[in-house]
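Chains as they are written, first to last, in our numbering: chain A, 1 to 223; chain B, 224 to 446.
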């Protein structure tokens with residue numbers, strides 16, 4: 001635990017805005033992730049994070065404000081990874097790989113625990129909800145290149161709403177994981193990817209075409 | 224408050240398994256829903272439910288076991304309503320109406336609060352999670368008739384996975400409501416319905432065709 005203590009005296013140039021060193025911040029983040037996986041939110045305590053990060057409780061309160069700030073910062077830091085979406089050479093392959101990555105990561109309790117705890121924390125804490133919103137906006141933003149490449153390859157029509165497409169691939173999985181509490185597997189991932197691919201190819205996600213069709217059979221006021 | 228007390232002395236034939244009268248149970252359910260909307264889970268207390276239902280705290284503990292049991296029973300009872308899916312005469316209209324109903328109900332804080340609290344409670348309580356799973360299984364089961372009717376009208380291919388279709392219509396909305404924490408509106412509902420309709424029409428939800436295609440470009444072992 002003491003190996004991290006030294007990080008509280010930062011080397012010149014290593015301070016981030018707010019005065020946290022990257023090393024301390026990572027140690028605290030790791031303790032938060034472990035704690036969320038073990039105890040969930042809000043059972044996780046600042047004491048737990050102090051004990052597992054080697055950073056003193058008073059420091060945690062001073063720099064992060066408390067449990068909400070710790071969870072929000074762990075999410076911010078989780079969003080700074082080098083993850084990149086798959087690049088299989090086809091939209092079919094990319095959407096399938098994206099969907100399977102979600103299914104696989106939640107099939108493993110070790111990798112599922114922290115993301116699940118973050119989603120749960122967002123119901124209890126406005127700060128966690130803000131951090132989760134930012135995390136997923138950035139993460140799905142990274143995924144959009146999959147659709148952009150498909151458009152440039154001629155696999156998807158120009159004007160396709162890339163953000164909606166990448167969300168639609170994950171949505172049936174997240175619905176079952178967090179709302180209907182039903183099992184999720186690769187067959188479901190493949191079905192979600194296939195449905196999205198089919199809809200994309202047929203132009204169902206082209207924003208202009210949606211606007212033109214959105215009045216349906218009723219009056220324009222119906223929307 | 225005392226008007227409900229009389230319900231604790233049930234009329235002959237009105238007792239449910241477990242000794243609850245329907246009237247007491249409904250009063251308790253209403254108090255749980257109000258409390259979840261006001262305070263959320265797990266801030267809701269048995270004391271609150273006692274005060275707002277007029278049923279004594281010791282009775283609540285004896286019959287429902289505590290907060291988890293109260294929440295689970297409120298969900299069970301919510302699933303016993305007479306709700307039926309839309310029947311507009313076309314799959315397009317039905318899927319759009321389904322999606323809009325979800326978007327509209329969560330756009331109104333008054334109708335959104337209790338369902339949101341149930342979803343949140345499922346992260347904290349295994350009993351609530353079981354009740355939520357049963358609620359949505361039954362609710363989506365009722366929706367499947369929309370797809371069955373489309374198949375019989377020739378709008379959807381035989382073998383369409385009705386359960387997957389009705390979930391795929393709601394999934395992009397629930398993803399944004401509870402995971403990515405992004406806004407949900409009728410335009411998004413229409414997009415979700417249109418994507419699902421397009422995928423259904425093209426056979427993307429036909430179970431047999433999915434199985435035949437699931438190996439993609441890789442080896443059969445990839446799945």
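Think of the CB as a built atom: it goes at the ideal place given N, C-alpha and C, for glycine as much as any other residue. Bear in mind that the values here come from a model prediction, so they are computed numbers and not experimental data.
Three-state secondary structure (DSSP) of residue i
i                      : result
residue 180 of chain A : coil
residue 374 of chain B : helix
residue 166 of chain A : helix
residue 201 of chain A : helix
residue 88 of chain A  : coil
residue 325 of chain B : helix
residue 206 of chain A : strand
Beta-carbon proximity of residue i to residue j, cut-off 8 Å
i                      : j                      : result
residue 227 of chain A : residue 169 of chain A : Since the first residue of chain A shown is 1 and the last is 223, residue 227 of chain A is not available in this structure.
residue 70 of chain A  : residue 46 of chain A  : yes
residue 164 of chain A : residue 205 of chain A : yes
residue 394 of chain B : residue 172 of chain A : yes
residue 345 of chain B : residue 352 of chain B : yes
residue 398 of chain B : residue 174 of chain A : yes
residue 248 of chain B : residue 300 of chain B : yes
residue 190 of chain A : residue 127 of chain A : no
residue 422 of chain B : residue 195 of chain A : yes
residue 33 of chain A  : residue 49 of chain A  : no
residue 404 of chain B : residue 323 of chain B : no
Residue burial classification, residue i (beta-carbon count within 10 angstroms, cutoff 16)
i                      : result
residue 285 of chain B : exposed
residue 234 of chain B : In this prediction, residue 234 of chain B scores a pLDDT of 44, lower than 50, which makes its location untrustworthy; the coordinate-derived value is nonetheless stated afterwards. Its Cβ having fewer than 16 others within 10 Å, residue 234 of chain B is exposed.
residue 375 of chain B : exposed
residue 115 of chain A : buried
residue 108 of chain A : exposed
residue 440 of chain B : Bear in mind that a pLDDT of 38 at residue 440 of chain B, under 50, signals an unreliable position, so the number given afterwards is only what the model happens to contain. With fewer than 16 Cβ atoms within 10 Å of its Cβ, residue 440 of chain B is classed as exposed.
residue 110 of chain A : exposed
residue 43 of chain A  : exposed
residue 17 of chain A  : At residue 17 of chain A, the pLDDT of 49 sits below 50, so the modelled position is not reliable and the matter cannot be decided from this model.
residue 213 of chain A : With a pLDDT of only 46 at residue 213 of chain A, under 50, the local geometry of the prediction cannot be trusted, and the value read off the model is given with reservation. Classification for residue 213 of chain A: exposed.
Expected contact under 8 Å - CB spacing of residue i and residue j to nearest Å
i                      : j                      : result
residue 40 of chain A  : residue 120 of chain A : 6 Å
residue 106 of chain A : residue 184 of chain A : 6 Å
residue 430 of chain B : residue 384 of chain B : 5 Å
residue 325 of chain B : residue 178 of chain A : So it is not a contact: roughly 15 Å between Cβ atoms.
residue 133 of chain A : residue 73 of chain A  : Wrong, their Cβ atoms sit about 15 Å apart, outside the cutoff.
residue 254 of chain B : residue 275 of chain B : 4 Å
residue 203 of chain A : residue 157 of chain A : 5 Å
residue 66 of chain A  : residue 138 of chain A : So it is not a contact: roughly 24 Å between Cβ atoms.
residue 27 of chain A  : residue 54 of chain A  : 6 Å
residue 261 of chain B : residue 348 of chain B : With 8 Å as the limit, residue 261 of chain B and residue 348 of chain B do not qualify as a contact, their Cβ atoms being about 18 Å apart.
Any non-hydrogen atom of the ligand GDP within 7 Å of residue i CB
i                      : result
residue 380 of chain B : Questions concerning the ligand GDP fall outside what the structure shown contains, since it holds no ligand whatsoever.
Any C-beta of chain D under 8 Å from that of residue i
i                      : result
residue 329 of chain B : The structure shown contains no chain D; its protein chains are A and B.
> Enumerated in chain order, which unbroken segments of the alpha helix (DSSP H) with a length of 4 residues or greater are wholly contained in the region 343-370 of chain B?
Replying inline: 349-366
- Task: Please go through the region 15-93 of chain A and give each complete beta strand (DSSP E) segment of 3 or more residues, from N-terminal end onward.
- Result: none
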